[in-house]
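Enquirer: Start counting the sequence shown at 129; every next residue gets the next number (my numbering).
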Amino acid sequence: MEVLELIDKLQFTHNISAEEYEFIISHAEQMHIDYAAKKADHTRKEFFGNKVFIRGLIEISNCCKNNCFYCGIRRDNKNAIRYRLSPEEILQCCKNGHELGFRTFVLQGGEDSFYNDEILCNLIEEIKKNMPDCAVALSLGERSIESYSKLKTAGADRYLLRQETATEEHYQKLHPSEMSFSNRMKCLENLKALGYQTGAGFMVGSPFQTEENLARDLFFIQNFKPEMCGIGPFIPHMDTDYNNFPAGTLNQTLLCLSLIRLANPKILLPATTALATISSEGIPLGIKAGANVVMPNLTPVSVRKNYSLYDRKAVTGNQAVENIEILKKQMKAIGYEVVVDRGDFLRNK
Ligand code: SAH
């Protein structure tokens with residue numbers, strides 16, 4: 129089958145093989161990427177119309193016990209200026225976001241032991257008490273099933289944990305030996321079993337990634353059926369061992385967004401900050417390629433630059449919450465509308 133036929137097959141069956149994903153990736157030319165984006169946009173409009181959901185991203189701490197080889201806030205990066213927001217500061221960020229029309233807050237951070245279950249549960253309860261119409265999403269890495277369960281009971285609705293790569297050998301090239309692929313996958317299973325709206329995802333063009341690896345990520349998302357999927361290009365960080373690897377490309381990221389939308393029509397799919405970082409048109413192009421979520425940065429400006437996962441991270445322009453009006457205008461200009469809504473996963477539609 130040709131690339132265009134495979135894209136049609138994905139649109140109608142939502143189910144192709146890993147080999148078929150690999151064929152698309154390895155043969156995709158501009159016209160195929162544009163074709164996939166058009167189909168993906170059509171599919172998204174069937175379920176979401178022209179709505180774009182916004183999530184307020186709060187980067188609660190850049191302290192991390194892990195040492196992921198690609199990540200700028202890894203434990204061994206002595207040049208990182210570490211910070212940690214207090215629960216009170218985080219609550220204040222949420223309140224600011226609420227006034228601006230945000231109804232989902234994403235608390236993301238390194239794996240920082242300060243944020244134990246008790247502190248987090250109290251914080252989540254406090255957010256929910258103050259803003260009962262909001263959803264809380266966490267993105268705080270690997271924790272025990274007991275911990276995930278307590279956080280859920282405290283009111284957390286969603287959890288984002290990218291698998292990073294669905295191929296074990298590749299996972300081991302990106303992470304030190306004390307981290308394991310099987311635990312990452314187990315965590316994703318546990319989150320789903322506990323009833324979280326669960327987000328998986330991966331980097332496009334990460335070091336050592338082959339077309340087969342990338343195809344396996346797409347195949348994994350198709351079959352695991354997460355409610356959300358975070359993908360963005362890998363971008364090197366100067367203080368990591370992988371500082372000399374090239375960044376993932378705009379085109380390959382856009383193609384992946386479109387294929388994910390076709391495989392999982394109802395998925396909540398952000399056009400990510402990493403995409404905005406490699407291209408000033410990243411967010412609008414991502415939306416046009418099938419994404420339906422944007423996550424502006426609600427982190428206090430004073431520490432925002434320190435949450436440096438990769439070089440030149442976009443923390444201004446349409447990625448900054450102060451500029452929410454710019455984002456709204458940008459979306460309007462391409463025919464979409466930013467809405468005030470929790471933007472939950474559509475279960476029965
Ligand atoms: N500690 C949390 C949050 C990690 S940061 C966790 O383990 O899930 C959020 C995401 O940023 C990661 O999942 C990773 O995919 C992405 N990221 C990290 N370093 C990156 C880089 N150099 N380029 C692009 N994305 C990166």
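Glycine included, every Cβ here is placed at the ideal spot set by N, Cα and C.
Taking its Cβ as the centre, do 16 or more other Cβ atoms sit within 10 Å of T381, making it buried, or is it exposed?
Expert: Buried, since its Cβ has 16 or more Cβ neighbours within 10 Å.
Enquirer: Would you mind working out which of R203, L342, P393, P364 sits nearest R440, comparing C-alpha positions?
Expert: Ranking the options by Cα distance to R440, first place goes to P364.
Enquirer: Whole angstroms are fine: how far does the CA of G184 sit from the CA of A294?
Expert: Approximately 28 Å, taken between the alpha carbons.
Enquirer: Which residue wins for smallest C-alpha separation from M366, given the options H142, N207, Y149, T171?
Expert: When each option's Cα is compared against that of M366, the closest is N207.
Enquirer: Using a Cβ-Cβ cutoff of less than 8 Å, which residues in the same chain neighbour L455 once the five nearest sequence positions on both sides are dropped?
Expert: Excluding residues within five positions, the ones whose Cβ falls inside 8 Å are I182, I411, V422, P424, N446, V466.
Enquirer: From G238, L268, Q236, I218, pick the residue whose C-alpha is nearest to that of A253; which is it?
Expert: One detail in the question is off: residue 253 reads as Glu in this sequence, not Ala. For the residues G238, L268, Q236, I218, the minimum Cα distance to E253 belongs to I218.
Enquirer: In the DSSP assignment, find the alpha helix (DSSP H) that holds T141 and state where it starts and stops.
Expert: Run containing T141: 131-141, per the alpha helix (DSSP H) assignment.
Enquirer: Starting from the Cα of F362, find the closest Cα among I406, Q325, E355, E339 and give me that residue.
Expert: Cα-wise, what sits closest to F362 is I406.
Enquirer: Tell me, to the nearest whole angstrom, how far the beta carbon of A146 is from that of L383; I am working on the premise that it is less than 8 Å.
Expert: In fact, because the Cβ distance is near 16 Å, the residues do not count as touching under 8 Å.
Enquirer: Give the straight-line distance between the Cα atoms of T141 and R231, rounded to the nearest whole angstrom.
Expert: Rounded to whole angstroms, T141 to R231 spans 33 Å at the Cα level.
Enquirer: Excluding the 5 residues preceding and the 5 following E306 in the sequence, name in chain order all residues of the same chain whose CB lies nearer than 6 Å to its CB.
Expert: So the list is empty, once near-sequence residues are dropped.
Enquirer: What are the start and end residues of the alpha helix (DSSP H) that includes C222?
Expert: 215-227 is the extent of the alpha helix (DSSP H) around C222.
Enquirer: Near D469, what residues of its chain come up, given a Cβ to Cβ distance below 7 Å and the 5 sequence neighbours on each side ignored?
Expert: Around D469: F181, R231.
Enquirer: Measure from the alpha carbon of N476 to the alpha carbon of each residue in K394, A404, V431, A164, then state which is nearest.
Expert: Of the listed residues, the one whose Cα sits closest to N476 is K394.
Enquirer: Locate the beta strand (DSSP E) running through R389, then write down its first and last residues.
Expert: Taken as a continuous stretch (DSSP letters only), R389 belongs to no beta strand (DSSP E), being part of the alpha helix (DSSP H) at 378-391.
Enquirer: Once you ignore the five residues that flank I188 on each side, which residues in its own chain have a CB closer than 6 Å to its CB?
Expert: If we look at I188 and ignore the five residues flanking it on each side, its Cβ neighbours are L213, I218, L235, G237.
Enquirer: Under the three-state reduction of DSSP, which class applies to Y163: helix, strand or coil?
Expert: Here Y163 sits in helix by DSSP.
Enquirer: Compare the C-alpha of S148 against each of I161, L134, H160 and name the closest.
Expert: In the sequence on display, residue 148 carries Glu and not Ser. Considering only alpha carbons, the answer is L134.
Enquirer: Roughly how many angstroms lie between the CA atoms of E450 and N434, to the nearest whole one?
Expert: Rounded to whole angstroms, E450 to N434 spans 18 Å at the Cα level.
Enquirer: Specify the secondary structure class of N190 as computed by DSSP and reduced to three states.
Expert: It is coil, neither helix nor strand.
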